[in-house]
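In the numbering used here, the protein residues as written are 2 to 511.
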């Protein structure tokens, strides 16, 4: 009998224009946490999608519990006790938690001896018990669209456990979670391992691997570089192998040279859909050559603040002035033309048109201007020329270049596309929200350097980040937001990370 519960031998998978996996072999022991580490687009998700039956390998073999198998579909994978939590959750938003979990394996009851129906009462009870057993408490009757992201992730995990999955695949599970939620999830993953589950963790976050993984396979551009024992391997070694070059963990930043005032926000108040104030009487200014970072725990009004400045939501009170001109009532396009770039938190619903090509997405903000169009006639050649330039300059990796449908790209490369488009606008003000969420360490280093480069060119930058390290590394000025109110604005050099953390929790001294 093999020591391994999973063996993927000499796996190769090709898509048009790209080899996603190139002769990859991994072997996973029963009851271990096995990490797959690699850059965005390195082939991690593709490899696991074959284990879950979403793709078939072009070459190679898969062996589960010592038996060679051809996994033909996710249902087949489920029969083999394999489950997967995808990076982008597969939930029906207007169904309840219980309805999502039991979908396809519904418990059936019979009434009057012949009328069959779904036994929702039984399902609700079983799911409540299952969620308690694994420390993943949920309310089975709640509707998916009414619960937050971390609760939705619990639902995805419970879907696997309800189907009695023994092998659990987590694809970038912490990409959309707050630091507190991440700690909770890593604890759950360790507990699942202690309960006899075998875990495969797809990630590019080195600190998470160090906390939970036993072994780590490193992929780079589709090839397996090495398999390492996590406890005895330094994170810098992992990072360099993952990216294929020396990675600099510190941000090299010169002293700022502030110029004229670019953005002035005065007494801004924003209400949410329920008419509650989520941004309360906020005021600040940003100058040319300044990175002004708003730090805060998720859900304290920072996204609504960014949306109000960019024009996605209307403030109920206050004003926004750009280069001395009141733009409070400008449309989004008029703000763009006045000199605002916006990299939003939600890349799928706000940042990109997912079913457009890469070249179309790269020209979304200026397609109506020359040279992209003249007299309302589109010049396709200019789209392609511009797309090729940005793909090369920003290292946007895609299978079919300009013609790639954005939905098919990795999350990290989707983010690179948005950043490329917004930087190329050469706007006076750049609003950047969570720019490195879901990105690998090489891409993070690159984006941090680009942000500093834009600041050094005299751009005013409003950066919103949940990552305390990112705040402290990049900020010239820090504004800390809590419960919709700015708690403190100060020169970044005068604040320690622990002081910023206290203000983020609403307990700092002003």
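From the three backbone atoms N, C-alpha and C, an ideal C-beta is built for every residue, glycine too.
Cβ-Cβ distance between residue i and residue j below 7 angstroms
| i | j | result |
| --- | --- | --- |
| residue 210 | residue 231 | yes |
| residue 44 | residue 78 | no |
| residue 281 | residue 317 | no |
| residue 227 | residue 203 | no |
| residue 108 | residue 123 | yes |
| residue 155 | residue 144 | no |
| residue 303 | residue 297 | yes |
| residue 388 | residue 360 | yes |
| residue 344 | residue 448 | no |
| residue 332 | residue 423 | no |
| residue 401 | residue 18 | yes |
| residue 292 | residue 496 | no |
| residue 429 | residue 263 | yes |
| residue 167 | residue 94 | no |
| residue 442 | residue 248 | yes |
| residue 279 | residue 269 | no |
| residue 375 | residue 337 | no |
| residue 201 | residue 35 | yes |
| residue 84 | residue 152 | no |
| residue 99 | residue 125 | yes |
| residue 27 | residue 218 | yes |
| residue 533 | residue 224 | It is not possible to answer for residue 533, since the shown part of the chain is limited to 2 through 511. |
| residue 482 | residue 324 | no |
| residue 362 | residue 407 | yes |
| residue 489 | residue 504 | yes |
| residue 199 | residue 32 | yes |
| residue 498 | residue 473 | yes |
| residue 299 | residue 187 | no |
Buried versus exposed, by CB contacts within 10 Å (16 or more), residue i
| i | result |
| --- | --- |
| residue 352 | buried |
| residue 206 | buried |
| residue 478 | buried |
| residue 445 | buried |
| residue 9 | buried |
| residue 266 | buried |
| residue 113 | exposed |
| residue 414 | buried |
| residue 294 | buried |
| residue 454 | exposed |
| residue 12 | buried |
| residue 4 | exposed |
| residue 116 | exposed |
| residue 216 | buried |
| residue 40 | buried |
| residue 274 | exposed |
| residue 181 | exposed |
| residue 392 | buried |
| residue 378 | exposed |
| residue 47 | buried |
| residue 326 | exposed |
| residue 506 | exposed |
| residue 308 | buried |
| residue 348 | buried |
| residue 106 | exposed |
| residue 197 | exposed |
| residue 16 | exposed |
Strand pairing of residue i, partner residues [DSSP]
| i | result |
| --- | --- |
| residue 124 | None, per the DSSP bridge assignment. |
| residue 8 | 28 and 64 |
| residue 483 | 486 |
| residue 3 | For residue 3, which the question treats as bridged, DSSP gives no partner whatsoever. |
| residue 16 | 19 |
| residue 168 | 83 and 199 |
| residue 35 | 201 and 216 |
| residue 314 | Residue 314 is not bridged to any residue. |
| residue 323 | 264 and 326 |
| residue 475 | The partner list for residue 475 (beta bridge, DSSP) is empty, contrary to what the question assumes. |
| residue 496 | Paired residue(s): none; residue 496 is not in a bridge. |
| residue 293 | 463 and 478 |
Closer than 6 angstroms: residue i CB and nearest the ligand NAP heavy atom
| i | result |
| --- | --- |
| residue 290 | In terms of ligand content, the structure shown is empty, and the ligand NAP therefore cannot be addressed. |
Cutoff 7 angstroms: residue i Cβ touching any chain D Cβ
| i | result |
| --- | --- |
| residue 447 | Among the protein chains of the structure shown there is no chain D, as only one such chain exists. |
### Query
Can you list, in chain order, the stretches of the alpha helix (DSSP H) that have 4 or more residues and sit fully within the region 442–469?
442–457, all fully within the region 442–469.
### Query
Can you list, in chain order, the stretches of the alpha helix (DSSP H) that have 4 or more residues and sit fully within the region 203–236?
Scanning the region 203–236 from its first residue to its last, the whole alpha helix (DSSP H) runs of 4-plus residues come out as 207–213.
### contact_flag[the region 435–445, the region 362–382] where n(CB pairs < 8 angstroms) is 3 or more
Per the Cβ contact rule, the region 435–445 is not in contact with the region 362–382 (fewer than 3 Cβ pairs under 8 angstroms).
### Task
Go through the region 53–132 residue by residue and report every complete run of the beta strand (DSSP E) that reaches 3 residues or more, in order.
60–65, 68–70, 83–86, 109–112 and 116–119, all fully within the region 53–132.
### Query
On the three-pair Cβ rule with 8 angstroms, is the region 283–302 touching the region 250–260?
Output reads yes: the region 250–260 touches the region 283–302.
### Task
Could I get the ranges of all uninterrupted alpha helix (DSSP H) runs contained in the region 232–290, with 4 residues as the minimum, in chain order?
Listed in chain order, they are 236–244.
#### Entry: At least three beta-carbon pairs within less than 8 angstroms, the region 148–164 to the region 80–90
These segments touch.
### Uninterrupted alpha helix (DSSP H) stretches inside the region 325–390 (no shorter than 4 residues)
Segments of the alpha helix (DSSP H) lying fully in the region 325–390: 333–340 and 359–363.
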